[in-house]
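Asker: Top to bottom, those sequences are chains A and B.
The numbering used here puts the last residue of the first sequence at 371; the count rises by one with no breaks.
The numbering used here puts the last residue of the second sequence at 457; the count rises by one with no breaks.
Just so it is clear, CB atoms sit at the ideal spot from N, CA and C, and this is done for glycine as well.
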Amino acid sequence: MAQITLIEGVTLALARAMKEDPSVVVLGEDVGVNGGVFRATAGLQQEFGDERVIDTPLAEVMIAGMTVGMATQGMKPVAEAQFCGFTMPMVDHLMCHAGRMRNRTRGRLSCPMVLRFPTGGGIHAPEHHSESPEALFAQMPGLRVVMPSSPSRAYGLMLAAIRDPDPVIFMEPKRIYRWQKEDVIDDGEELPLDVCFTLRDGSDLTLVTWGAMIKETLQAADQLEQQGISVEVIDVATISPLDMDTIIESVSRTGRCVIVQEAPRHCSVASEIAASLADAGIFDLLAPVKRVCGYDTVMPLYRNEMKYMPSVRRIVHAAQQVLEVS
Amino acid sequence: MARTVAAFKVDHFQFLGSDGKLLDGQQVPALARDFERLTELYKLMVLTRTFDKKAVALQRTGKLGTYASCLGHEAAHIAIGASMQEEDCFAPMYREYGAQFCRGVKMSDVLLYWGGDERGNDFSGPKHDFAWCVPIATQCLHAAGAAMAYKLRQEPRVAVSVVGDGGSSKGDFLEAINAASAWKLPLVLVIVNNQWAISVPRSKQNNAATLAQKGIAGGLPSIQVDGNDLIACLWAMDKAVTAARQGKGAFVIEMMTYRLSDHTTADDARRYRPQDEVDDAWDHEPIARLRRYLIDQQVWDDEREQTLLEESAETVQQAADEYLDIVANKPQPVTAMFDYMYAELPHDLAEQRAYAEEFPEDGGHH
Numbered sequence: 046m047a048q049i050t051l052i053e054g055v056t057l058a059l060a061r062a063m064k065e066d067p068s069v070v071v072l073g074e075d076v077g078v079n080g081g082v083f084r085a086t087a088g089l090q091q092e093f094g095d096e097r098v099i100d101t102p103l104a105e106v107m108i109a110g111m112t113v114g115m116a117t118q119g120m121k122p123v124a125e126a127q128f129c130g131f132t133m134p135m136v137d138h139l140m141c142h143a144g145r146m147r148n149r150t151r152g153r154l155s156c157p158m159v160l161r162f163p164t165g166g167g168i169h170a171p172e173h174h175s176e177s178p179e180a181l182f183a184q185m186p187g188l189r190v191v192m193p194s195s196p197s198r199a200y201g202l203m204l205a206a207i208r209d210p211d212p213v214i215f216m217e218p219k220r221i222y223r224w225q226k227e228d229v230i231d232d233g234e235e236l237p238l239d240v241c242f243t244l245r246d247g248s249d250l251t252l253v254t255w256g257a258m259i260k261e262t263l264q265a266a267d268q269l270e271q272q273g274i275s276v277e278v279i280d281v282a283t284i285s286p287l288d289m290d291t292i293i294e295s296v297s298r299t300g301r302c303v304i305v306q307e308a309p310r311h312c313s314v315a316s317e318i319a320a321s322l323a324d325a326g327i328f329d330l331l332a333p334v335k336r337v338c339g340y341d342t343v344m345p346l347y348r349n350e351m352k353y354m355p356s357v358r359r360i361v362h363a364a365q366q367v368l369e370v371s
Numbered sequence: 092m093a094r095t096v097a098a099f100k101v102d103h104f105q106f107l108g109s110d111g112k113l114l115d116g117q118q119v120p121a122l123a124r125d126f127e128r129l130t131e132l133y134k135l136m137v138l139t140r141t142f143d144k145k146a147v148a149l150q151r152t153g154k155l156g157t158y159a160s161c162l163g164h165e166a167a168h169i170a171i172g173a174s175m176q177e178e179d180c181f182a183p184m185y186r187e188y189g190a191q192f193c194r195g196v197k198m199s200d201v202l203l204y205w206g207g208d209e210r211g212n213d214f215s216g217p218k219h220d221f222a223w224c225v226p227i228a229t230q231c232l233h234a235a236g237a238a239m240a241y242k243l244r245q246e247p248r249v250a251v252s253v254v255g256d257g258g259s260s261k262g263d264f265l266e267a268i269n270a271a272s273a274w275k276l277p278l279v280l281v282i283v284n285n286q287w288a289i290s291v292p293r294s295k296q297n298n299a300a301t302l303a304q305k306g307i308a309g310g311l312p313s314i315q316v317d318g319n320d321l322i323a324c325l326w327a328m329d330k331a332v333t334a335a336r337q338g339k340g341a342f343v344i345e346m347m348t349y350r351l352s353d354h355t356t357a358d359d360a361r362r363y364r365p366q367d368e369v370d371d372a373w374d375h376e377p378i379a380r381l382r383r384y385l386i387d388q389q390v391w392d393d394e395r396e397q398t399l400l401e402e403s404a405e406t407v408q409q410a411a412d413e414y415l416d417i418v419a420n421k422p423q424p425v426t427a428m429f430d431y432m433y434a435e436l437p438h439d440l441a442e443q444r445a446y447a448e449e450f451p452e453d454g455g456h457h
C-alpha cells in the first residue's frame with residue numbers, strides 16, 4: 046500500500062489497465078516522453094513502449110476522431126486533452142459520434158473510449174486552462190461524465206471508466222491533483238460508476254458537490270459542525286448519468302440541501318439536481334434548495350480566479366440561509 | 092539567396108476517354124484487358140444507377156426521406172469498393188452506395204437509413220465498417236483511427252475513407268492526412284471531387300490547382316485521376332490499397348467527377364448551377380464510356396445490356412418492396428430509442444424508457 050495523490054491514482058490506474066488489457070492504449074499531446082504536462086502519464090511510455098503510450102501531433106480534432114475510430118475497432122483508447130479549454134474542438138466527435146455510435150448502428154459498433162483531461166481553476170494557469178465544462182458534456186446523450194475527488198476514487202473510477210463498454214469523459218480536478226494523499230492498494234478493484242459517494246453522514250443539511258469543490262465543501266462542513274450542525278456531504282462523482290436516488294434519499298432525511306459547483310450556474314449540473322429535488326423531493330424539503338456556483342461570466346484570468354469560485358464563506362453563508370428557514 | 096527545399100508535382104491519370112476509346116500514347120494497365128472484372132463492375136455501376144433512380148422516385152412519392160443521390164459517381168464508388176477486401180474498413184460519407192454494394196451492404200439497408208430507421212446502419216456489409224457519416228469529413232479521422240488499430244495489432248488491413256471537394260477544406264481531412272503521414276498508417280483517403288459542395292463550386296473552396304496536393308503538403312503520395320474512368324479509378328485504388336496493406340503508408344487519390352444530381356432531394360441545383368455545365372458533364376459520365384469500351388472489345392452487346400437493365404430493375408424493386416415492408420409492418424417500438432444508448436441502460440434512462448412505454452403511439456406516424 047502506498048500513500049498517493051489524486052493524479053498518482055490516475056497514473057496507477059492507467060498502468061494497471063494497460064497491464065491487464067493489451068487493447069488499452071494512451072494517446073495525447075506530450076503524454077509519452079514527457080509523461081504529460083501534469084505528469085499523469087509519467088513513466089508509462091518507459092514501461093509500455095511508444096506504441097501503447099503515443100505522443101500525437103498537436104491536433105485535438107485528430108485525437109478525438111482517431112480515438113473514436115480506434116475504439117470502434119477493438120481498441121480501448123484513453124486519450125488525454127491537455128486542458129479542459131482544448132476539448133472544445135473535440136466536441137464534434139464526442140457529440141456526433143462517440144455518444145451516438147452504439148445507438149445509430151443498433152449496437153453493431155460501440156465506442157469504449159476514455160477522454161481524460163484536467164479541469165477547473167485555481168492553479169494560476171493561463172487563459173482557457175481553467176473552465177469547468179461538465180454540464181456541456183452531461184448534455185450529450187450516450188456519454189458518461191465522471192469526476193473523481195480523491196486519490197482512491199481517481200484510481201477506482203478510472204479503472205471502471207476504462208473497462209466500461211461505452212465512452213467516458215473523465216474530468217480530473219487539477220486544483221486537488223496533489224491536495225491530499227491517501228492509501229491506495231493497487232489491486233485492480235474498480236469503484237462503481239453511476240453512483241454518488243456519501244463522504245460524511247449528517248442529519249441537518251445535505252451538501253452536494255463534486256471535483257475540486259470537495260475541498261471547500263468539506264471545510265464548510267467542518268465549520269458548520271463546530272456550530273453544532275450535522276452535515277451530510279455527497280460527492281456526486283458520476284455527473285452523467287446522475288444518481289439522484291442517493292441525493293433524494295439524503296435530502297428526505299435532512300430536509301435541506303446546498304449544491305456547490307465551480308461551473309457557472311445557468312443550465313448547470315447544480316440546476317439539474319435542484320430541479321430533480323423539486324420534482325421528486327419537494328415534500329421532504331424544509332427550505333429552498335440553494336446553489337453556490339461560479340458566476341455566469343467568463344472565467345477571469347488568474348488574479349481573480351479564486352474570487353470567481355465558491356469559497357468556504359459562500360458555502361457556509363448559503364447553508365445558514367437554508368438553516369434559518371424553519 | 093533562396094534554394095529549393097521542396098518541390099512537387101501532381102500527376103493526372105486517365106486511360107479511357109469519354110468516347111470509350113483508350114487514350115493514345117500511354118501504357119494501359121493490365122486490368123484494362125481484364126474483361127471479366129470490368130464487366131462485373133460495369134453491371135454493378137448500372138445496378139447502382141438503377142437503385143439511385145428508384146430511391147429518388149421513392150422520395151418524390153413520399154415513401155423515403157431526404158436522399159443523397161450518387162448519380163455520376165458510379166465509377167469512383169465502384170472502384171473504391173472493388174479494390175477493398177472484406178477485412179478492410181470503409182468509412183463513407185453518405186452517397187457511396189456503389190462502394191458499399193461491393194461490400195455486401197443491401198439496398199434495403201440504404202433505404203432504411205434514408206427512410207428514417209436506424210436499422211439501416213446495422214447493415215449487411217462488414218460489421219466493422221463505419222455507418223454513413225453526415226458531419227463532413229469526420230469520417231476521415233475515424234478511418235485513420237481504424238488504420239491505427241490495425242497497424243498497432245499488425246493486421247494486414249486497410250482503412251479507406253471518402254471525402255468530397257467541400258470536405259477537403261475541413262480540418263478533419265487535413266488532420267487525417269497529417270496523422271497518416273506521421274504514423275505511416277494503412278489508410279487511403281479518396282477525394283471524390285464532384286465540383287459542387289451543395290451550391291459552392293470547387294473554385295470557391297480554395298485557389299489550389301488540385302485538391303490532391305493537400306496530401307503532398309502533409310507528406311503523402313497523392314495523385315489525381317479521371318473519376319469517370321473506371322479503369323483509372325480502379326488502377327489507382329488497387330495501387331494505393333496494396334501499398335497500404337504492405338506497410339508502405341497512406342495515399343491520397345483525387346477522383347475528378349461531376350455531381351449530375353442535386354446535392355440531395357431537398358436541394359434544387361437549378362438555383363445555382365448552369366444547365367449547360369450539367370449537359371456537358373453528361374458527355375463525360377462514367378457508365379456510357381465503359382459500355383462503349385466493352386462493346387468495342389466485343390465483350391458486351393445490346394442484348395446483354397437489355398437483360399442487365401431488366402434484372403437490375405427487378406433487383407431494385409425487390410429491395411424497395413423489402414424496405415417498404417419493414418417500415419410498414421415491422422416498425423421500431425418507442426423503446427428502441429433507449430435500447431442501444433449504452434451497453435446497459437442507466438437507471439435514469441430506464442425510468443424514461445418506462446415512461447415512454449406509457450405513450451407508445453404518441454406523436455403519430457409519418
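Among A:Gly-201, A:Leu-59, A:Gly-130, A:Gly-273, which residue has its Cα nearest to the Cα of A:Ile-368?
Answerer: Taking the first sequence and counting its residues from 1, the one referred to as residue 368 of chain A is at position 323. With the sequence shown as reference, residue 368 of chain A is identified as Leu, and Ile is not the correct amino acid for it. Measuring from the Cα of A:Leu-368, the nearest candidate turns out to be A:Gly-273.
Asker: Under 8 angstroms, CB to CB, which of the residues in the segment 144-162 of chain A have a partner in chain B?
Answerer: Arg-147, Asn-148, Arg-149, Thr-150, Arg-151, Gly-152, Arg-153, Leu-154, Ser-155
Asker: Within the chosen definition, does the segment 268-279 of chain B reach the segment 233-243 of chain B through at least 3 CB pairs nearer than 8 angstroms?
Answerer: yes
Asker: Compare the C-beta of B:Asp-439 against all C-beta atoms of chain A and say whether one is closer than 8 angstroms.
Answerer: Numbered from its first residue, the second sequence carries residue 439 of chain B at position 348. By this cut-off, B:Asp-439 is an interface position.
Asker: Indicate whether B:Gly-236 and A:Val-78 have their beta-carbon atoms separated by less than 8 angstroms.
Answerer: For the purposes of this step, residue 236 of chain B is identified with residue 145 of the second sequence, where counting begins at 1. For the purposes of this step, residue 78 of chain A is identified with residue 33 of the first sequence, where counting begins at 1. No, Cβ-Cβ distance for B:Gly-236 and A:Val-78 is not below 8 angstroms.
Asker: When we look at the beta-carbon of A:Pro-333 and count the other beta-carbons within 10 Å, is it buried (16 or more) or exposed?
Answerer: What you label residue 333 of chain A is simply residue 288 of the first sequence in a count that begins at 1. That one is exposed.
Asker: Less than 8 angstroms between the C-beta atoms of A:Val-70 and A:Ile-99, yes or no?
Answerer: For this step, residue 70 of chain A is matched to residue 25 along the first sequence. For this step, residue 99 of chain A is matched to residue 54 along the first sequence. Their beta carbons are under 8 angstroms apart, which means A:Val-70 touches A:Ile-99 by this criterion.
Asker: Does DSSP put B:Phe-106 in a helix, a strand or coil?
Answerer: Within the second sequence, numbered from 1, the residue matching residue 106 of chain B stands at position 15. Coil at B:Phe-106, not helix or strand.
Asker: Could you confirm whether any beta carbon from chain B is found closer than 8 angstroms to the beta carbon of A:Thr-291?
Answerer: Position 246 of the first sequence, counted from the start, is the residue given in the question as residue 291 of chain A. No - not a single Cβ of chain B is within 8 angstroms of the one on A:Thr-291.
Asker: Suppose contacts are defined by Cβ-Cβ distances below 8 angstroms. Is B:Val-137 in contact with B:Ser-403 by that definition?
Answerer: The sequence position of residue 137 of chain B within the second sequence is 46, counting from 1. The sequence position of residue 403 of chain B within the second sequence is 312, counting from 1. Taking 8 angstroms as the Cβ cut-off, B:Val-137 and B:Ser-403 qualify as a contacting pair.
Asker: Taking the alpha-carbon positions, what's the A:Cys-141 to B:Thr-229 distance?
Answerer: Taking the first residue of the first sequence as position 1, residue 141 of chain A is located at position 96. Taking the first residue of the second sequence as position 1, residue 229 of chain B is located at position 138. Going by the C-alpha atoms only, they are around 9 angstroms apart.
Asker: Considering only the alpha carbon of each residue, which of A:Pro-309, A:Asp-324, A:Ser-285, A:Val-314 lies closest to A:Ser-297?
Answerer: Residue mapping note: residue 297 of chain A aligns to position 252 of the first sequence, counting from 1. Considering only alpha carbons, the answer is A:Asp-324.
Asker: So for B:Glu-368, helix, strand or coil by DSSP?
Answerer: Within the second sequence, residue 368 of chain B is the residue found at index 277, counting from 1. Correct three-state label for B:Glu-368: helix.
Asker: Is there at least one Cβ from chain B nearer than 8 angstroms to A:Thr-389's Cβ?
Answerer: What is shown of chain A runs 46 to 371, which leaves residue 389 of chain A out entirely.
Asker: Could you pull the DSSP bridge partners for A:Glu-125 from this structure?
Answerer: In the first sequence, the residue the question calls residue 125 of chain A occupies position 80. DSSP, once it has assigned bridges, lists A:Gly-73, A:Arg-161 as partnering A:Glu-125.
Asker: Using a Cβ-Cβ cutoff of 7 angstroms, what residues of the segment 80-107 of chain A are near chain B? List them in chain order.
Answerer: Glu-96, Pro-102, Ala-104, Val-106, Met-107
Asker: Starting from the C-beta of B:Ser-313, find all residues in its chain whose C-beta is less than 6 angstroms away, skip the five residues before and the five after it, and write them out in chain order.
Answerer: Numbered from its first residue, the second sequence carries residue 313 of chain B at position 222. Answer for B:Ser-313: Ala-303, Gly-306, Ile-307, Val-343, listed in chain order.
Asker: Could you say which of A:Val-357, A:Val-55, A:Glu-172 lies nearest to A:Leu-346 if we only look at CA atoms?
Answerer: Residue 346 of chain A sits at position 301 when you count from the first residue of the first sequence. The shortest Cα separation from A:Leu-346 among A:Val-357, A:Val-55, A:Glu-172 belongs to A:Glu-172.
Asker: Tell me which residues share the same chain as A:Val-190 and place their Cβ nearer than 8 angstroms to its Cβ, disregarding the 5 neighbours each side in the sequence.
Answerer: Reading the first sequence from its first residue, position 145 is the one you call residue 190 of chain A. Once the five neighbours on either side are set aside, the close Cβ partners of A:Val-190 are Glu-179, Phe-182, Ala-183, Val-213, Ile-214, Met-216, Thr-283, Ile-284, Ser-285.
Asker: Does B:Arg-239 come within less than 8 angstroms of chain A when only Cβ atoms are used?
Answerer: One-based indexing of the second sequence puts residue 239 of chain B at position 148. Before going on, a small fix: residue 239 of chain B reads as Met here, not Arg. For B:Met-239, the answer is yes, since a Cβ of chain A falls inside 8 angstroms of its Cβ.
Asker: Who does B:Pro-377 pair with in a DSSP beta bridge?
Answerer: For the purposes of this step, residue 377 of chain B is identified with residue 286 of the second sequence, where counting begins at 1. Answer is none; B:Pro-377 lacks a bridge partner.
Asker: List, in order along the chain, the chain A residues whose C-beta lies closer than 8 angstroms to that of B:His-492?
Answerer: No statement about residue 492 of chain B is possible, as the shown extent of chain B runs from 92 to 457 and does not include it.
Asker: Quick one: what does DSSP say B:Ile-227 is sitting in, helix, strand or coil?
Answerer: Residue numbering aside, residue 227 of chain B sits at position 136 when the second sequence is read from its first letter. If DSSP states are grouped into helix, strand and coil, B:Ile-227 belongs with coil.
Asker: Using 8 angstroms as the threshold, is the segment 294-303 of chain B in touch with the segment 354-367 of chain B, meaning 3 or more CB pairs across them?
Answerer: no
Asker: Measure the C-alpha to C-alpha separation of A:Gly-166 and A:Pro-210 and round it to an integer number of angstroms.
Answerer: Here the question's residue 166 of chain A lines up with position 121 in the first sequence. Here the question's residue 210 of chain A lines up with position 165 in the first sequence. The straight-line gap from Cα to Cα measures roughly 31 angstroms.
Asker: Taking CB distances under 8 angstroms as the criterion, tell me whether A:Asp-66 reaches chain B.
Answerer: As a first step, residue 66 of chain A must be located in the first sequence, where it is residue number 21. Judged by the 8 angstroms Cβ criterion, A:Asp-66 is not in contact with chain B.
Asker: May I ask which residues mark the beginning and end of the beta strand (DSSP E) holding A:Leu-250?
Answerer: The residue given as residue 250 of chain A occupies position 205 in the first sequence. Element bounds for A:Leu-250: 250-254.
Asker: On the three-pair Cβ rule with 8 angstroms, is the segment 87-96 of chain A touching the segment 130-141 of chain A?
Answerer: no
Asker: Interface residues of chain A around B:Glu-209 at Cβ under 8 angstroms?
Answerer: In the second sequence, residue 209 of chain B corresponds to position 118, counting from 1. Simply Asn-148, Arg-149, Thr-150, Arg-151.
Asker: Return the first residue and the last residue of the alpha helix (DSSP H) that B:Arg-128 is part of.
Answerer: For this step, residue 128 of chain B is matched to residue 37 along the second sequence. Taken as a continuous stretch (DSSP letters only), the alpha helix (DSSP H) holding B:Arg-128 covers 126-151.
Asker: Within a Cβ cutoff of 8 angstroms, which residues of the same chain sit near B:Gly-156, ignoring the five residues on either side of it in sequence?
Answerer: The residue labelled residue 156 of chain B in the question sits at position 65 within the second sequence. For B:Gly-156, where only same-chain residues beyond five positions count, the Cβ hits under 8 angstroms are Gln-150, Trp-205, Gly-206, Gly-207.
Asker: So, does the CB of A:Cys-241 fall closer than 8 angstroms to a CB anywhere in chain B?
Answerer: Position 196 of the first sequence, counted from the first residue, corresponds to residue 241 of chain A. At a cut-off of 8 angstroms, the C-beta of A:Cys-241 has no neighbouring C-beta in chain B.
Asker: With DSSP collapsed to three states, give me the class of B:Phe-221.
Answerer: The residue labelled residue 221 of chain B in the question sits at position 130 within the second sequence. Three-state DSSP puts B:Phe-221 in coil, outside helix and strand.
Asker: Would you check if the distance between the CB atom of A:Ile-49 and the CB atom of A:Lys-219 is smaller than 8 angstroms?
Answerer: For the purposes of this step, residue 49 of chain A is identified with residue 4 of the first sequence, where counting begins at 1. For the purposes of this step, residue 219 of chain A is identified with residue 174 of the first sequence, where counting begins at 1. At a Cβ-Cβ threshold of 8 angstroms, A:Ile-49 and A:Lys-219 do not count as neighbours.
Asker: Compute the beta-carbon to beta-carbon distance between A:Val-253 and A:Ile-279, rounded to the nearest angstrom, for a pair I have assumed lies under 8 angstroms.
Answerer: Here residue 253 of chain A is taken as the residue at index 208 of the first sequence, counted from 1. Here residue 279 of chain A is taken as the residue at index 234 of the first sequence, counted from 1. Right, their Cβ atoms sit about 5 angstroms apart.
Asker: Using a Cβ-Cβ cut-off of less than 8 angstroms, list which residues of the segment 266-286 of chain B approach chain D; keep chain order.
Answerer: Reference to chain D is not applicable here, since the protein chains of this structure are A and B.
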